Amino acid sequence: MDSSRRPLVALFATVAIVAAACSSGSSPSASESAGTSAAPGSSESGSAAPGGSAGGSAAASFGHIGGTVTVVGSWTGSEQDSFMAMVKPFEDATGVQVQYTGSRDLAAQLTTGVQSGNLPDVAGLPGPGLMKQWYAQGALKPLDFVDLNAYKSVTPPGYADLGVASDGKLIGIFVKSAVKSVVYFAKANWRGGDPKTWQDLQSAAKSAATGSTKTWCIGLESGAASGWPATDWIEDIVLHQFGPDVYDKWVAGQQKWTSPEIKQAWQAFGQVVNDAYGGPNYILTTNFGSGANPMFKSPPGCLLTHAGSFITDFFQKQAGAKPTDYDFFPFPAINPQYAGAVEGAGDLFGMFNATPQAKALIQWLLTPDAQAIWVKRGGALSGNKDVPVSDYPDAASQKAAQMLRDAKVFRFDGSDQMPNAMNDAFFKATLDFVKDQSKLDSILSNLDSVQSSAYGG
Amino acid sequence: MDRLISSVLVVLAVPAVLVGYVLTIEAFAGRLPRSVGDRIRPWLWLLPAFAFVLVFLIYPMIATILRSLYGSAEGKFVGAENYVHFFTSSQTLAALGNNILWLVFLTGLTVGIGLIVAVLVDRVRYESVVKTVIFLPMAISFVAAGVIWRFMYELNPSVGTLNAVVVALGGQPVPWLINAPLNTFMLIVVGVWMQAGFAMVILSAGLKGISTELLEAARVDGANERQVFRSIMLPLLMPTIAVITTTIVIIALKTFDIVYTMTNGNFDTEVIANRMYKELFNYGQPGQASATAVILLVAVVPVMLFNIRRFQQQEAIR
């Protein structure tokens, strides 16, 4: 009886285990097929190109090339539409078909691609760090055919250099950019105009603040990336107080966190926190998107908020503000020597396959005609000075464009360029600092020890 | 479309392959002399299961152990350096300490609450209602629970339920997730909320398995309810409690989702599994992550051994 039942039990056990294993085994094949359908070669994305406008004359100079070029970028939705509009004149003039695929996880997709060799011709790059790594691995090709000096001459100082590898070769270009060194205010409450120096800002804030109104609005909560708004703060302070040289050394891991400059920047940020709405617990638990809500209250909880231009979306959705309710001014100089320094971000593009079509596309994307197409559609700043400011669709973006154009120094978001372990520790450290500023020394020496291991490679 | 075809293929092909395997084995074993066939049949039956365990469990385990001896780049042998890093880095040690808190309090509270509820509602009319309410959180994913409880713990009393209560009682809003070590306990509460129902259901089932004659006999002999619980129920429930405890211990060691969604290890709430995730996916340190995984594995092994030994003892009794 007992022995006759055993095979049956074994059958069930086998079925269960094989079924379980197969269900887990089927997921790679499913994702593989998803990968194939999302691959740069799919015809769907190529035919989805919406109609573009203008720029035909410059594109015509490329002559007929034919063939296709595969592109992977992080843009989807309206941004994808804008990019397709940007390449439409190029497609019409050269006969090259641009097959674009938008990917939400660009870093992961390209990292896998670099390992397997299955790469698009041209791709958006997640940041300067990975860009340099892929170039060192030989995956990313140098853009020798671009006149680097000409590119430099039409862009703010330091802008083009962000795409240059350590051997001096250009490997990445900006398709569009954004400025982060800006301070927003509600027009109803701010009387300080555009302060040129930190001193002006402070005294204007003092006179404008009545009752319990504080100067700054800050919200640091952002899920797994909590703390990043504080890193932007500290980066801007370092850049505007100690200049690009210290900034570059710090980002490259050659400037200690405990050095007097960086420590002073943290202390300056500590002052800002002390002068911010709600106190540390409020700041730590408030999402960056709703951080500026008190700015639009009456009476206001705070006067100013430091953020990138994307924040206006949150003003409208979270605080119910109208576009006419707010404005911004550039982050003022702390040390007058470094006035006009701008921290920004941008979408870098690089080339993985040096085909004639890919080279032509890169050259087209750099032209002011191509840049102007996206600029006119809104949501992008062009680093190219030949794109007229009047091309920008509204007053705020014109102001931001002017700021980028006038920039004496342009630097990329510092924490984004640090190794990930450093970046992560930086985020976390700002939270610990806001919670208890008296621990600054131990926080900074801990960051020093992360620095000593994180840059090793 | 591709995906549809491949999933249909999997649904049809897997049973087909299984049945095919079974038939082939039977045809093969049936041709052999009976004594030989009977002897090798169980091994042939076991073969697929064993192959899958080998490919999906043993091989990754060995690969992880080997990987933990290499640096961030493949092929750079570093010996025990990753382990030295684990036991000297203040961050991983803090994570280890928090895991011990999770281990003690998640297990203790979950099993304790599960046992108390199971015993208390055992003979009441609305037993099923109470059990349903306590069991319901089990159906929610850890991530969803984390998001829900973040709202519960919100600082703003008009959003955070807990702070609304505190303010109503005349207190100041408490930043539950910011002040250590309070925040780790607040995270453990979420884990208890989710797991207590599981413990309760299993223990309740164990309780129903105790024969009523036994309990009646004790009561007739003059034992009060406390004595019945201490001397009859508890000893008879011990095997069930042991199973629950070991399960929750493993859950406590593997804690990830709640911490990841609620604090991401900020403000001293880091745990080992979250640390491992960061090392692998954020820092690009597969060697360190593998070492962390191996340490987690080593921590789980005694619990597993205990479970297996217990299981064997029970088999022997039967």
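These protein sequence lines are chains V and E, in that order.
Heads up: the first sequence begins at 415 in the working numbering, then just goes up one per residue.
Heads up: the second sequence begins at 302 in the working numbering, then just goes up one per residue.
Ideal placement from N, C-alpha and C gives every residue a C-beta, glycine not left out.
Since we're looking at a predicted model, the values are computed, not measured.
Suppose the cutoff is 8 Å on Cβ atoms and the five residues either side in sequence are ignored; what does the same chain contact list for residue i look like?
i, result
"Gly667 (chain V)", "Met832, Pro833, Met836, Gln865, Ala868, Tyr869"
"Ala600 (chain V)", "Met709, Phe710, Pro714, Leu717, Ala735, Asp739, Tyr740"
"Asn701 (chain V)", "Gly633, Glu635, Ser636"
"Phe568 (chain E)", "Leu478, Ile479, Asn480, Ala481, Asn484"
"Lys610 (chain V)", "Pro746, Ala747, Ala753"
"Val529 (chain E)", "Leu516, Ala519, Arg520"
"Leu407 (chain E)", "Ile489, Gly492, Val493, Gln496, Ile549, Ile552, Ala553, Thr556"
"Phe452 (chain E)", "Val460, Gly461, Thr462"
Determine the direct distance from the alpha carbon of residue j to that of residue i, and round the result to whole angstroms.
i, j, result
"Gly439 (chain V)", "Gln523 (chain V)", "At Gly439 (chain V) the pLDDT is 37, less than 50, meaning the model places this residue with poor confidence and gives no usable figure here."
"Gln511 (chain V)", "Gly481 (chain V)", "6 Å"
"Met439 (chain E)", "Asn603 (chain V)", "50 Å"
"Leu581 (chain E)", "Gln589 (chain E)", "8 Å"
"Ser856 (chain V)", "Phe841 (chain V)", "15 Å"
"Leu313 (chain E)", "Val320 (chain E)", "11 Å"
"Val318 (chain E)", "Arg340 (chain E)", "24 Å"
"Ile369 (chain E)", "Trp403 (chain E)", "The residue you asked about is not Ile; residue 369 (chain E) is Ser in the sequence shown. Roughly 25 Å between the two C-alpha positions."
"Ser811 (chain V)", "Ser591 (chain E)", "48 Å"
"Val652 (chain V)", "His720 (chain V)", "15 Å"
"Lys903 (chain V)", "Lys822 (chain V)", "Shown here, chain V extends from 415 to 871; a query on residue 903 (chain V) therefore has no answer."
"Thr365 (chain E)", "Ala574 (chain E)", "15 Å"
"Pro316 (chain E)", "Gln496 (chain E)", "35 Å"
"Ala733 (chain V)", "Gln669 (chain V)", "39 Å"
"Asp808 (chain V)", "Val466 (chain E)", "47 Å"
"Ser796 (chain V)", "Ala592 (chain V)", "8 Å"
"Val660 (chain V)", "Phe826 (chain V)", "14 Å"
Suppose the cutoff is 6 Å on Cβ atoms and the five residues either side in sequence are ignored; what does the same chain contact list for residue i look like?
i, result
"Leu537 (chain E)", "Ile511"
"Ala753 (chain V)", "Ala747"
"Asp535 (chain V)", "Val483, Thr484, Asn767, Thr769, Ala772"
"Pro540 (chain E)", "none"
"Ser443 (chain V)", "At Ser443 (chain V) the pLDDT is 37, less than 50, meaning the model places this residue with poor confidence; the figure from the coordinates comes in the next sentence. Cβ within range, chain order: n/a, list empty."
"Ala381 (chain E)", "none"
"Asp423 (chain E)", "Leu508"
"Ala472 (chain V)", "Thr781, Asp783"
Tell me the residue span of the beta strand (DSSP E) that contains residue i.
i, result
"Phe591 (chain V)", "First, the amino acid is wrong: residue 591 (chain V) is Ser here, not Phe. Looking at the DSSP string, the run of the beta strand (DSSP E) that includes Ser591 (chain V) is 587 to 593."
"Leu535 (chain E)", "Not the beta strand (DSSP E): Leu535 (chain E) falls in the alpha helix (DSSP H), residues 535 to 555."
"Met765 (chain V)", "755 to 765"
"Thr515 (chain V)", "511 to 516"
"His478 (chain V)", "Careful: His478 (chain V) lies outside any beta strand (DSSP E) and carries neither H nor E."
"Thr719 (chain V)", "716 to 721"
"Lys628 (chain V)", "628 to 631"
"Tyr573 (chain V)", "Counting along the chain, Tyr573 (chain V) falls outside any beta strand (DSSP E), and DSSP gives it neither H nor E."
"Phe742 (chain V)", "740 to 744"
In chain V, which residues lie less than 8 Å from residue i when you measure between Cβ atoms?
i, result
"Phe579 (chain E)", "Correcting the residue identity first, residue 579 (chain E) is Lys in this sequence and not Phe. By Cβ distance, chain V contributes Asp838."
"Leu483 (chain E)", "Going along chain V, no residue has its Cβ under 8 Å from Leu483 (chain E), so there is no contact; the nearest lies around 12 Å."
"Tyr561 (chain E)", "Ala638"
"Pro476 (chain E)", "Asn695, Leu698, Thr699"
So residue i contacts chain E; which residues on that side make the cut at Cβ distance below 9 Å?
i, result
"Ala375 (chain V)", "Past the edges of chain V, shown from 415 to 871, lies residue 375 (chain V), and the structure says nothing about it."
Would you kindly report the start and end of the unbroken alpha helix (DSSP H) that includes residue i?
i, result
"Thr485 (chain E)", "483 to 510"
"Ala574 (chain E)", "573 to 578"
"Asp646 (chain V)", "642 to 665"
"Leu367 (chain E)", "360 to 368"
"Gly415 (chain E)", "408 to 421"
"Pro343 (chain E)", "335 to 354"
"Asp558 (chain E)", "558 to 563"
Name, please, each residue of chain V whose Cβ falls closer than 9 Å to the Cβ of residue i.
i, result
"Pro361 (chain E)", "None at all; the shortest Cβ gap to chain V is about 12 Å."
"Ile479 (chain E)", "Pro694, Asn695, Leu698, Thr699, Leu845, Lys849"
Looking only at its own chain, which residues have a Cβ that is under 7 Å from the Cβ of residue i, when we skip the five neighbours before and after it?
i, result
"Val601 (chain E)", "Ile551, Leu554"
"Ser447 (chain V)", "Confidence at Ser447 (chain V) is low in this model, with a pLDDT of 36, below 50, so its placement is unreliable and no value can be given for it."
"Asn798 (chain V)", "Val568, Thr569, Pro782, Gln785"
"Val429 (chain V)", "At Val429 (chain V) the pLDDT is 44, less than 50, meaning the model places this residue with poor confidence and gives no usable figure here."
"Lys628 (chain V)", "Asp689, Ala690, Tyr691, Gly715, Cys716"
"Phe824 (chain V)", "Pro570, Pro571, Gly572, Tyr573, Val756, Gly758"
So residue i contacts chain V; which residues on that side make the cut at Cβ distance below 7 Å?
i, result
"Ile609 (chain E)", "Result: empty, since nearest Cβ-Cβ is about 17 Å, beyond 7 Å."
"Asn567 (chain E)", "Ser640, Lys842, Leu845"
Closer than 8 Å, Cβ to Cβ, to anything on chain E: give me those residues from the region 839 to 865 of chain V, in chain order.
Lys842, Leu845, Asp846, Lys849, Asn860
Tell me which residues of the region 695 to 714 of chain V have at least one Cβ-Cβ distance to chain E shorter than 7 Å, keeping chain order.
Asn695, Tyr696, Leu698, Thr699
At a CB distance below 9 Å, what residues from the region 436 to 459 of chain E approach chain V? Give them in sequence order.
Tyr454, Glu455, Leu456, Asn457
Near-chain V residues of the region 394 to 413 of chain E - C-beta to any C-beta below 9 Å:
none
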